[in-house]
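Report on the structure given below.
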Amino acid sequence: MTDNDATRPAQRDPDCLFCKIVAREVPADVVHETETTLAFRDIQPQAPTHVLVIPKAHHRDAVATALAAPALLTDVVVAAGEVARQEGVADSGYRIVTNTGRDAQQSVDHLHLHVVGGRGLQWPPG
Ligand code: DGP
Numbered sequence: 005m006t007d008n009d010a011t012r013p014a015q016r017d018p019d020c021l022f023c024k025i026v027a028r029e030v031p032a033d034v035v036h037e038t039e040t041t042l043a044f045r046d047i048q049p050q051a052p053t054h055v056l057v058i059p060k061a062h063h064r065d066a067v068a069t070a071l072a073a074p075a076l077l078t079d080v081v082v083a084a085g086e087v088a089r090q091e092g093v094a095d096s097g098y099r100i101v102t103n104t105g106r107d108a109q110q111s112v113d114h115l116h117l118h119v120v121g122g123r124g125l126q127w128p129p130g
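Using the numbering used here, the letters of the sequence shown correspond one by one to residues 5 to 130.
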């Protein structure tokens with residue numbers, strides 16, 4: 005790692021809610037953690053399993069993460085799969101959703117994968 009390593013949690017936005025969760029300044033129900041990722045239950049669950057998986061380092065969205073730190077995007081997806089296995093939905097099926105921008109209703113500008121499962125999910129999404 006170098007001082008410019010974009011996977012480092014030190015790369016944080018002081019105004020970002022999810023950076024505060026990473027720093028344990030805001031409490032969360034953490035279900036999985038790696039060196040570079042954190043997973044915690046969504047405060048407004050939309051299904052029996054609804055976990056948010058984030059990189060510890062602050063990146064705005066999936067594309068920004070892929071451009072700045074592609075291996076970190078892989079880490080987040082792998083962690084989402086691990087969460088699905090842990091939650092018992094890996095075989096029954098689950099959805100990985102990442103909202104990007106206003107029209108998609110992204111409300112926190114720190115990449116987060118919603119891992120949603122535990123019930124039949126409708127398609128297409130609204
Ligand atoms: P999105 O709309 O895609 O940006 O999703 C943001 C999600 O974050 C939303 O489903 C609710 C969740 N959320 C917002 N604030 C908190 C919080 O303080 N704690 C937890 N655990 N989840 C939160």
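Cβ atoms here follow ideal geometry from the backbone N, Cα and C, with glycine treated the same way.
Item, Value
"Closer than 7 Å: Arg99 CB and nearest the ligand DGP heavy atom", "no"
"Cβ contact check for the stretch 55 to 65 and the stretch 104 to 119: 3 or more pairs under 8 Å", "yes"
"His63 beta carbon near the ligand DGP (any heavy atom closer than 7 Å)", "no"
"Segment limits, alpha helix (DSSP H) that includes Val67", "Ala66 to Ala72"
"Pairwise C-alpha distance: Asp19 and Ala73", "21 Å"
"Cα-Cα separation between Pro49 and Leu21, rounded to whole angstroms", "17 Å"
"Endpoints, alpha helix (DSSP H) assigned at Ile25", "Leu21 to Val26"
"Residue interval of the beta strand (DSSP E) (run including Ala43)", "Thr41 to Arg45"
"Residues of its chain near Asp7, where Cβ-Cβ distance is below 6 Å and the 5 sequence neighbours each way are ignored", "Because Asp7 carries a pLDDT of 46, less than 50, the predicted location of this residue cannot be relied on, and the following value inherits that uncertainty. Excluding residues within five positions, none has a Cβ falling inside 6 Å."
"Closest Cα partner of Gln126 within the set Ala88, Asn103 and Ala51", "Ala51"
"Any non-hydrogen atom of the ligand DGP closer than 7 Å to His36 Cβ", "no"
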